[in-house]
Structures are given as structure tokens and as C-alpha cells.
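Everything on this sheet refers to the single structure shown next.
There are 2 protein chains.
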Amino acid sequence: MSIRLVIADDQALVRGALAALLGLEPDIEVVAELGDGTGVAAAVVEHSADVAMLDVEMPGLDGISAAAAVRRAAPSCSVLMVTTFGRPGYLKRAMLAGASGFVVKDTPARQLAEAVRKVHQGLRVVDPALAAESLTAGDSPLTDREAEVLKAASDGGTVANIAKAAMLSEGTVRNYLSAAMAKTGGRTRAEAVRIAQDNGWLL
Amino acid sequence: MSIRLVIADDQALVRGALAALLGLEPDIEVVAELGDGTGVAAAVVEHSADVAMLDVEMPGLDGISAAAAVRRAAPSCSVLMVTTFGRPGYLKRAMLAGASGFVVKDTPARQLAEAVRKVHQGLRVVDPALAAESLTAGDSPLTDREAEVLKAASDGGTVANIAKAAMLSEGTVRNYLSAAMAKTGGRTRAEAVRIAQDNGWLL
DNA sequence: CACCGGTCATGACATTTGTCATCCCGCATT
DNA sequence: AATGCGGGATGACAAATGTCATGACCGGTG
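From first to last, the protein sequence lines are chains A and B.
Numbering of the first sequence is given in full-length UniProt numbering, commencing with residue 1 and proceeding in unit increments.
Numbering of the second sequence is given in full-length UniProt numbering, commencing with residue 1 and proceeding in unit increments.
What follows is the structure, given as C-alpha cells:
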């Protein structure tokens, strides 16, 4: 019996190519393709899928949240995360959300079908390079509010704007940004944002 | 006789899927796959390719420069740009560099092969939505140095660092950043960076 | 030639950031 | 009850940033 697969990726080209490629495998059947994360859990249930392949970066519901939703709605369905950027923080968060596998889009295409089969068998699949990086990188040092403020700062607004958006006093915002800069090692707010993003500490 | 195609994209997964997908077409033959832009022109010449499909964002040589290199080395080879982000500025720059087509990765997979055929016939293929956006967005208002300094600022360094990197005085850097902020409409340097990037004015 | 725009630079200035010390509160651990 | 930690806030101060006027040089263009 073939593996029933749901694919979610916001880039139609990638999604289509992936579906075509994996659909060629005799033991894999692509039962649904989604362009965002919102409908994934429902689609998994509707088609009684065995494996869900999710991109981390998606409009609507992000891949991590979507993974959690899938696990809640259909515990028998394994989740394989596929991502463009090898952000160490994503790996850990995806695992905590119940994902069984995590591969970057740099993976040779042939290994993909194999990864799908492995997670379906209940095995865990993790990109080795990324796993190593994840260990050295460690957890996010940021508290929830620090991450929140830093994320609010990520599109370049002023302290006043961030304060308004986060319902905080300007001084408090500066304190959080200062703390975030100290913890990330960045010298400016913008640098801190970049570092945190590269490590997958925001979202 | 089949169309000889060279594919360059930094994501192995995408590249492989694209190659597999297009290779299935009876009239298309994928003769080379590259992971960066540096070897594209050489590969085109070596395999006497008819069409080169290039990603804009690539390590090493970016897609725009690679397109120009291909046109120089092999004027008979058409270039089709494929990009993740629909940055209006990219479109214009790609066209100026000699590209015949420009599609985003949101394009339905089936239209891709058709796009390859069209550029091979000498036709131009442009994503309609992007073309419209490109018209309203207009050209980059930034001068070369302004863009250069803004780009140097894009990873969050201080004025002092940017000045050192660009071999300019700190005051000059501040002037350029100020001008860039005025032209982009951003209130802070970080916002100006974001706006310029979204419009494809950097690179 | 005179003019303009882009490049590079100074200096002065107002504003915004970043840093720090110091509070208060609530909550969990001990 | 005491301690520690995170959230939230204030105020003061130093450093960085953004703004503006001004001037010089150069290359193209009317």
C-alpha cells in the first residue's frame, strides 16, 4: 500500500515539482497540495494522509504551527519539514512541535523520497550538518518579550512605533532591545535582528 | 530537434526537481545543472545550450550578472530568469542584462516548459502581475553610491564600519544614508534597507 | 562657457539610540 | 519567608544617528 502524502509549500513551482517528482515513486501517492499552512491539518484528515511535507516559511499559518496542528488533528500522520534556510532554531522548534524529520532544500532530490519513507516508518530524519549546527548554536537566549520586541523591530520601525505596536513604554522597548543586543552579540539593533533571524530565534 | 537547457539554481532540491520535470518534456533536454552562477557561461558554451534558466539569487555570481555573461559568451542562447521574490527592480535589470524571460517561482509548473519554448523561439515571457508592478514601481531613485552604501548597511553595521568598507568618510556615509532614506521614504536606515530590497534596488 | 548632477568631504546641530542604575510587581523555587 | 527571574517602568547620560548648510571637484549637456 502506498504512502499518502500531503505537500504544503508557498512556491507553486517548488510545490508542483516536488509533487511531480515524488508522485513518480511507485510507493508514494500525493493526495493534496497546499499553498499555505492554514488548511493543512484539515487536508490531512480529509485524505487520511500518512505523511505531511511542510515548508517552514509560509503565508498564513507558518510550518511549525501547521505541524503542531497536524499532530493534534491526526497523530498517526508523520510530519517532514522542508526548509530553504538551515536555521538551527527552526529544527528544535519543529521537533518540539512534533515533526519527525527536517531537511533543507539543498538536499539531493533522490534522498527526499527516502526521507518520506523513513518518517513514515516512524524513523527520524535530520540533516546531519544542521543537527551539528543546532547543537553548537544552542537554544534561543531571548525571553518571549525580547523576541517579540525584536521581531517588531525587524521591519525597521522606530522605538516609538515598536512601543505603540507592543503596548509598551519607549524606555522598556529600549531595555529589551538592549538586552537582545547583548544576548545576540550584535552591536546595533539591526544586527541583532539579523543574528536572531539567522538562528531561527524569531518567527 | 530538442531544446538544450542549462539550469542554475542554488537550491539542490529545486534544481533537481526542475531538471526532472523539464527533462520529461519530449522537446527539452537538460544538458547541465549548476549550483551557482560562476560556471554558467562556460557550461552554456561547452554544451552549446539553447536556453539558460537562471535563479536571480545565487551564491558566487548573481543571476543578473550570469545572464549578462551568457549573452556575451553565447548570443544565440536565450536566458530565462526564475526568481523566488517578485522584486520589480530585478525584472528591469534582468531585461537590461539581456534576459528574454522572467517568471516567479509561484508560476504553475506546466507553464514553465511553455516559457522555455517561448524564449527559445525568440519571444519574451514576463509574469504579467510583475510587469504591471514594475511599471508602477518605476526605476530605482538611488544613485550608485547610495545603493552601495545602503547595501553595505544592510547587514546592520555601524556608520564607522560602513565607512571603512566603502572607503569613505563617516560624514559622507551619513549623507548618503540620509539621501537614501529620503528617496525610499524610510524613517530609519533599516527601513530604507527593507524598502530598497523589496523593490530590488540593491544587489 | 555656464550649468547641473553626482561624488566626496566638514562641521554643527537636534534627535534617536543604547546603556545603566534603580525601582515595583508577580510568580515559582527553595 | 527569602530568593531569583521575568515583565514593566523611570530617569539620566553617553554615543550614535539623522539633518542641514556649505564647499570642492569632475564630467556631461545645453
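Where is the CB? At the ideal position from N, CA and C, for every residue including glycine.
Measuring CA to CA, which of the options is closest to residue i?
i: B:Glu148; options: B:Ala132, B:Ala192, B:Ala97 and B:Glu133; result: B:Ala192
i: A:His47; options: A:Leu130, A:Ala165, A:Glu29 and A:Phe85; result: A:Glu29
i: B:Asp127; options: B:Lys118, B:Ala66, B:Gly101 and B:Arg145; result: B:Gly101
i: B:Ala41; options: B:Val173, B:Ser65 and B:Pro59; result: B:Ser65
i: B:Arg15; options: A:Val44, A:Ala180, A:Thr107 and A:Val173; result: A:Thr107
i: B:Leu34; options: B:Arg110, B:Ile7 and B:Gly186; result: B:Ile7
i: B:Asp50; options: B:Gln197, B:Thr172 and B:Val70; result: B:Val70
i: A:Ala182; options: A:Ser169, A:Asp155, A:Met167 and A:Ser140; result: A:Ser140
i: B:Asp62; options: B:Ala180, B:Ala196 and B:Asp36; result: B:Asp36
i: A:Asp198; options: A:Leu96, A:Asp144 and A:Ser134; result: A:Ser134
i: B:Ser76; options: B:Ala12, B:Ile3 and B:Leu13; result: B:Ile3
i: B:Met58; options: B:Gln11, B:Val173, B:Val104 and B:Ser178; result: B:Gln11
i: A:Ala132; options: A:Lys105, A:Gly157 and A:Arg87; result: A:Arg87
i: A:Asp27; options: A:Thr184, A:Leu177 and A:Met1; result: A:Met1
i: B:Ala166; options: B:Thr184, B:Glu146 and B:Ala180; result: B:Glu146
i: B:Gly125; options: B:Leu13, B:Asn175, B:Gly186 and B:Ser78; result: One detail in the question is off: residue 125 of chain B reads as Val in this sequence, not Gly. Here the closest residue by C-alpha is B:Ser78.
i: A:Asp144; options: A:Lys105, A:Tyr176, A:Leu24 and A:Ser169; result: A:Tyr176
So with CB distances below 9 Å, who are the chain A contacts of residue i?
i: B:Asp155; result: Ala190, Glu191 and Arg194
Report the CB separation of residue i from residue j in whole angstroms; it is logged as a contact under 8 Å.
i: B:Lys164; j: B:Leu202; result: B:Lys164 to B:Leu202, Cβ: 20 Å. No contact.
i: B:Ala32; j: A:Ala109; result: B:Ala32 to A:Ala109, Cβ: 16 Å. No contact.
i: B:Leu80; j: B:Ala115; result: 6 Å
i: B:Gly98; j: B:Ala68; result: 6 Å
i: B:Arg189; j: B:Ala153; result: 6 Å
i: B:Ala73; j: B:Val119; result: The Cβ separation is near 17 Å, so there is no contact.
i: A:Leu112; j: A:Leu22; result: 7 Å
i: B:Gly200; j: B:Gly89; result: 3 Å
i: A:Ala94; j: A:Leu142; result: In fact, because the Cβ distance is near 18 Å, the residues do not count as touching under 8 Å.
i: B:Leu130; j: B:Met53; result: Going by Cβ atoms, the distance from B:Leu130 to B:Met53 rounds to 17 Å, so no, they are not a contact pair.
i: A:Arg117; j: B:Gly156; result: About 42 Å separates the two Cβ atoms, so there is no contact after all.
Which residues does DSSP list as the beta-bridge partners of residue i?
i: B:Phe102; result: B:Met81 and B:Val126
i: B:Met53; result: B:Ile7 and B:Leu80
i: A:Ala30; result: Per the sequence shown, the amino acid found at residue 30 of chain A is Val instead of Ala. Paired residue(s): A:Leu5.
Show which residues of chain B have a CB atom less than 8 Å away from the CB atom of residue i.
i: A:Lys105; result: Gln11, Ala12, Leu13 and Val14
i: A:Leu21; result: Gly16, Ala17, Ala20 and Leu21
What does residue i reach in chain A if we use C-beta pairs closer than 8 Å?
i: B:Leu18; result: Leu13 and Ala17
Residue i touches chain B at which residues, Cβ-Cβ below 7 Å?
i: A:Pro108; result: Ala12 and Gly16
Which chain B residues are close to residue i, counting only those with a beta carbon under 9 Å from its beta carbon?
i: A:Thr158; result: Arg187, Thr188 and Glu191
**Against chain B: residues of the region 174-196 of chain A by CB proximity under 8 Å** = Gly186, Arg187, Thr188, Arg189, Ala190, Glu191, Ala192, Val193 and Arg194
**Prompt:** What residues in the region 112-137 of chain A have a beta carbon less than 9 Å from any beta carbon of chain B?
**Reply:** Leu112
**Item:** Residues of the region 79-96 of chain A whose Cβ lies closer than 8 Å to any Cβ of chain B, in chain order
**Value:** Val82 and Thr84
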